[in-house]
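Notes follow once the structure below has been shown.
Numbering (the numbering used here), first residue to last: 185 to 425.
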């Protein structure tokens, strides 16, 4: 109040201001020691990538090849710019989904509780219950995504291995040059989400979304080139062709 006048501030405005303040302070702190912030995310994301690849291998070994003939740019067919665009779109959609999960964690764990504290009645109850439900949804969606990817990629790897007269293990080794850095980059936002949720640092997740996305994009751009022009040559060498 100033000069006899009062200014009414909306709850959403307070939440936005606090969220931006938390994000700015978090980015400033991380900028002083970037490796301390990014290192744990990278290690966890790398572990998830290896676990997914191991799961794909397990599913491939247990799957019966269905006889589907796959076109693999750079390996079974010449690669062109259209193939690169397709890879970028595919990875971009996955990264966007994981980044949105990170944003959802920020909203559910930080913004909603702050907003609830400024409300009353039914509105407060809704905001208090929405956070845990959103967090549970992100966990379930992530688990479903990982299981689905392992199942689909495992089945296709089994069929592709039969098509090329080799084993799923050889196929996966040929994919490692691009698959490991690609998956590590894609899972960075989820790794940040996981570590922040364990510590209760939900207010850091908006900053984590910016940082992990900024790191992942150039890695994915490079991985697209490796997938089309390096991994196929590695696979050919493994196949003796």
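Yeah, the Cβ is synthetic: ideal placement off N, Cα and C, and Gly gets one too.
Run of the alpha helix (DSSP H) containing residue i, from where it starts to where it stops
i: residue 377; result: 372-383
i: residue 386; result: Element bounds for residue 386: n/a, residue is neither H nor E.
DSSP state of residue i mapped onto helix, strand, coil
i: residue 361; result: helix
i: residue 261; result: strand
i: residue 247; result: coil
i: residue 408; result: helix
i: residue 367; result: helix
i: residue 424; result: coil
i: residue 252; result: coil
i: residue 220; result: helix
i: residue 414; result: coil
C-beta atoms of residue i and residue j nearer than 8 angstroms
i: residue 363; j: residue 380; result: no
i: residue 376; j: residue 214; result: no
i: residue 370; j: residue 279; result: yes
i: residue 338; j: residue 409; result: no
i: residue 324; j: residue 389; result: no
i: residue 319; j: residue 283; result: no
i: residue 423; j: residue 359; result: no
i: residue 411; j: residue 271; result: yes
i: residue 368; j: residue 233; result: yes
i: residue 415; j: residue 352; result: no
i: residue 336; j: residue 288; result: no
i: residue 228; j: residue 378; result: yes
i: residue 275; j: residue 404; result: yes
i: residue 331; j: residue 366; result: no
i: residue 263; j: residue 413; result: yes
i: residue 396; j: residue 372; result: yes
i: residue 387; j: residue 206; result: yes
Proximity test, Cβ basis, 8 angstroms: residue i and chain D
i: residue 231; result: Although the question refers to chain D, the structure presented lacks it and comprises just one protein chain.
Three or more C-beta pairs closer than 8 angstroms, one from the stretch 235-250 and one from the stretch 388-402: is that the case here? Proximity of the stretch 235-250 to the stretch 388-402 falls short of the contact definition, fewer than three beta-carbon pairs being nearer than 8 angstroms.
Those runs of the beta strand (DSSP E) which lie wholly inside the stretch 331-362 and span at least 3 residues: The DSSP assignment places no complete run of the beta strand (DSSP E) inside the stretch 331-362 (cut-off: 3 residues).
Determine, using beta-carbon pairs with one atom in the stretch 330-348 and one in the stretch 252-259, whether at least three such pairs fall under 8 angstroms. Taking a cut-off of 8 angstroms on C-beta distances, the stretch 330-348 touches the stretch 252-259, as three or more cross pairs fall below it.
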